[in-house]
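Peer 1: Here it is, the structure, as structure tokens.
2 protein chains.
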Amino acid sequence: MGLLLKVLIPLLGAALALYFYSAPGNFSEGECGRRKSCGSTARGAACAAHRGWKRWQSQSGREGRDREEPQGQRGAAGTGKSRGTRRGTASPEPCASSAEMLRGKRVIVTGASSGIGEQMAYHLARMEAHLLLTARTEARLQKVVERCLELGAASARYISGSMDSPSLPEEVLREAENTWGGLDMLILNHIGQSGFTFFSGDVGHVRKLMETNFVSYVALATAALPLLKESEGSIVVVSSIAGKIAGPFTAPYSATKFALDGFFSSLRQELIIDKVNVSITLCILGYINTESAVRAVSHVIPDTPSPKEECALEIIRAGALRRRELHYPAPAVGSMLLLRSLAPELLESLARSSYRLENVRRT
Amino acid sequence: MGLLLKVLIPLLGAALALYFYSAPGNFSEGECGRRKSCGSTARGAACAAHRGWKRWQSQSGREGRDREEPQGQRGAAGTGKSRGTRRGTASPEPCASSAEMLRGKRVIVTGASSGIGEQMAYHLARMEAHLLLTARTEARLQKVVERCLELGAASARYISGSMDSPSLPEEVLREAENTWGGLDMLILNHIGQSGFTFFSGDVGHVRKLMETNFVSYVALATAALPLLKESEGSIVVVSSIAGKIAGPFTAPYSATKFALDGFFSSLRQELIIDKVNVSITLCILGYINTESAVRAVSHVIPDTPSPKEECALEIIRAGALRRRELHYPAPAVGSMLLLRSLAPELLESLARSSYRLENVRRT
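Below, the structure is given as structure tokens:
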């Protein structure tokens, strides 16, 4: 067997090279998006976004522009007062096809009061989607909803509350059904609070974080599935590199993010087997410049974080294109995942040696 | 960046080949164990088991033979009546060094009333370890304890109960401390019941399974850490290939096993950083011929399962040798993990096509 492996493994090495040579997805420079004009989408079948757009059209059987207005619209925040308004911002512009794909779509974004969730809400608003936002802090959510309406959201409303409450997932989906009569995309993005520090031994914290970061995702997806099956929609699960590679100081957080991978990657395959046309996109994010991430890790991790605005747009695009996984930023996350397979101990050792361990706070 | 990756990736492919060519661990045919006589351990420094044995000695600062008898011994099951007795069985014989390493050690095995846990208890009994076994079913546990004493356990006792009870982990560790005054190895192996079927949407089941398969592992490890730090002992976490690669029909189970990887792989690094000499071994098991596994999946997965007796011995050895991860059976699990990194969609497609999907029961 040893000899067999010694022959097989180099062959797999060559296959690896070949695989990445021919991979059209994350590694292609010609793909639209990424702060580029999307003129390239019209150039031919090679543009993944364009293919995704076509697929979206054929799968949903209707184009965004033509789809009926959602039912109800009895929202607290009203319906798209400023539709079409687009303000100059420092954000990357969504490429035309992404904007088209999301126009008029009914999207739930959780954890939308700050960070990447807030930025996703603004992108979706510019794309003229209907929005239902959730987060803990009502005051911040209200402001985000107002801004979304200014930016052009078809409609925007919110529900505030903590996702460790077992009743909230059902409530959110009931609101979507009552307001819109359906749902096209569920973006699961909220997280509970956890420190970047040595595991304190607080098992109660682990249990609570698992409820917020994982069980509520399962509950929201379960409640959303009937609506998403009807619309042939999408589930987008925002995870982290800490949900693929467990570094130090993130034990409870990593557990919850790993759990998301285990659950949703399994569920995705069941949907494929069952010929249910609901996509599941798992988003593996590196270090992003959100306020909370920078506050938590910048004194230990000396890397430069990636911009949250671009990250938010990439997540929306990956969901709209019905991708299996998003790795953002692709080079850093991709190479870490590759190294995890080839030499996990080397990767761990490199990570540990790059940390400013003397700055880690102990609880 | 694309060009850079196209140059880098083939280089990594070559590195992959080189890495596995030079890897001494799982792929070495010369290693002791695996139904072989362990005469080879004396042949030189190349034998991993021998190195591990040496390490065990230097880390714990005392040899198994010479260590003091544990305190207390006020057990329901008495102390090793049949010490040294060894009956002829179909089980693989533990190699001499593994037996030496575990002689007189104080070991907790959870989920020990059947399957791999039961087999681990028997191996440890033959190695003359002190055993504290846990499982739900008292009647079966009693029988396993009796058999352990016949096989030569230094002592054997049990606590029955369900690990979804938050108080049980503390109770188990209190028993170990009161009886032995310490602990050398904690083998976490129990699992809650879950079917091999499409996800039913039962969020309560997901929550309960997470409590049993994951949170109780964290609670047991947390309660054990002070004792294990003192003895420079080991934590062994029994997981599954479904805890690294999420196939269909295992969504809740995979989530819990992925969570174990996230938590314990992170904790392992914190212990390394903190210079705490407690090892954590994560065991990634393929399809094993336990009664419950065969009953759950044999009508869907046509593969031949690996023997639970050998599997149990490999887990004990990996723990004693303080390995980072065990992949058993190594060729199957190793190649699946490699394929996961190189071509995850191909792996998923191959897995799906190898299943007898028509036999999957729906709940």
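If you're matching them up, the sequences are chains A and B in order. Take 1 as the starting number for the first sequence in the working numbering and just add one per residue. Take 1001 as the starting number for the second sequence in the working numbering and just add one per residue. All C-beta atoms in this analysis are idealised placements derived from N, C-alpha and C, irrespective of residue type, glycine included.
(1) What are the boundary residues of the beta strand (DSSP E) that A:R322 is part of?
(2) What does a CB cutoff of less than 8 Å around A:V294 pick up in its chain, not counting 5 residues either side in sequence?
(3) With 8 Å set as the bound, which would you pick, yes or no: does the beta-carbon of A:Q193 sit closer than that to a beta-carbon of chain B?
(4) Is there contact between the stretch 1206-1214 of chain B and the stretch 226-234 of chain A, where contact requires at least three CB pairs shorter than 8 Å?
(5) Assess contact between the stretch 1144-1153 of chain B and the stretch 1109-1127 of chain B, defined as three or more Cβ pairs (one per stretch) separated by less than 8 Å. Is contact present?
(6) Between which residues of its own chain and A:F258 is the CB-CB distance below 6 Å, once the five residues before and five after are set aside?
(7) Beta carbons nearer than 9 Å to chain B: which residues of the stretch 326-340 of chain A have them?
(8) Where does A:K275 land, buried or exposed, given buried means 16+ other C-beta within 10 angstroms?
(9) How is the alpha helix (DSSP H) around A:H205 delimited, first residue to last?
(10) Given A:E219, which residues of its chain have a CB within under 8 Å of its CB, disregarding the five upstream and five downstream residues?
(11) Is the Cβ-Cβ distance between A:V238 and A:L285 less than 8 Å?
(12) Could you work out which residue in A:A139, A:M185 and A:F249 is closest to B:F1264 when comparing CA atoms only?
(13) Relative to the C-alpha of B:T1197, which residue among B:Y1217, B:E1175 and B:S1298 is closest?
(14) On the CB-based measure, 16 or more other CB atoms within 10 Å of its CB, does B:Q1119 come out buried or exposed?
(15) Residues of the stretch 252-265 of chain A in Cβ contact with chain B at a cutoff of 9 Å, in chain order, please.
(16) If the criterion is Cβ atoms closer than 8 Å, does the pair B:M1336 and B:I1245 meet it?
(17) Closer than 8 Å between beta carbons: that is the criterion. Which residues of the stretch 200-217 of chain A meet it against chain B?
(18) Can you tell me whether A:M185 is helix, strand or coil according to DSSP?
(19) What number of angstroms, rounded off, separates the C-alpha of B:H1123 from the C-alpha of B:G1161?
(20) Less than 8 Å separating the beta-carbons of A:A153 and A:E128?
(21) Using three-state DSSP, classify A:V360 as helix, strand or coil.
(22) Run the CB neighbour count on A:E345, radius 10 Å, all protein chains shown included, and call it buried at 16 or more, exposed below.
(23) How is A:R136 classed by DSSP in three states: helix, strand or coil?
(24) Of all Cβ atoms in chain E, is any one closer than 8 Å to the Cβ of A:R324?
(25) From the DSSP secondary-structure annotation, give me the bridge partner or partners of A:Y158.
(26) Hey, does B:P1248 have any beta-carbon neighbour from chain A nearer than 8 Å?
(27) Measure from the alpha carbon of A:S216 to the alpha carbon of each residue in A:L347, A:G204, A:G201 and A:G192, then state which is nearest.
(28) Run the CB neighbour count on B:N1189, radius 10 Å, all protein chains shown included, and call it buried at 16 or more, exposed below.
(29) Grab the span of the alpha helix (DSSP H) containing A:V276 for me, first residue to last.
(30) Taking Cβ positions only, does A:D274 come closer than 8 Å to chain B?
(31) Which partner residues does B:C1311 have in the DSSP bridge list?
(32) Quick one: which chain B residues come within Cβ less than 7 Å of A:A219?
(33) Suppose contacts are defined by Cβ-Cβ distances below 8 Å. Is A:G195 in contact with A:R106 by that definition?
(34) Taking C-beta pairs closer than 7 Å, name the residues in chain B that A:T222 reaches, listed in chain order.
(35) Got a sec: is the Cβ-Cβ distance from B:L1357 to anything in chain A below 8 Å?
Peer 2: Put simply:
(1) Run containing A:R322: none; DSSP gives neither H nor E here.
(2) Close CB contacts of A:V294 within its chain, under the 8 Å cut and outside five residues either way in sequence, are with P305 (chain order).
(3) Any Cβ of chain B closer than 8 Å to the Cβ of A:Q193 would place that residue at the interface, and such an atom is absent.
(4) They do not touch, by the three-pair rule.
(5) yes
(6) G243
(7) Answer in chain order: A330, P331, G334, S335, L337, L338, L339 and R340.
(8) exposed
(9) V203 to M210
(10) In the sequence under discussion, the amino acid at residue 219 of chain A is Ala, which differs from the Glu named in the question. Around A:A219: P166, P169 and E170.
(11) Yes, the pair counts as a contact, with Cβ atoms nearer than the cut-off.
(12) A:F249
(13) B:S1298
(14) buried
(15) Going along the stretch 252-265 of chain A in chain order, one finds P252, Y253, S254, A255, T256, K257, F258, A259, L260, D261, G262, F263, F264 and S265 with a Cβ nearer than 9 Å to chain B.
(16) yes
(17) Here the close residues are G201, V203, V206, R207, M210, E211, F214 and V215.
(18) strand
(19) 23 Å
(20) yes
(21) coil
(22) exposed
(23) DSSP places A:R136 in coil when its eight states are reduced to three.
(24) No chain E appears in the structure shown, which is made up of the protein chains A and B.
(25) A:L133
(26) yes
(27) Among A:L347, A:G204, A:G201 and A:G192, the Cα nearest to that of A:S216 belongs to A:G192.
(28) When all chains shown are included, B:N1189 counts as buried.
(29) It is not in any alpha helix (DSSP H) - A:V276 carries neither H nor E in the DSSP assignment.
(30) yes
(31) Answer is none; B:C1311 lacks a bridge partner.
(32) Residues of chain B with a Cβ closer than 7 Å to the Cβ of A:A219 are, in chain order, V1203.
(33) no
(34) G1201 and V1203
(35) yes
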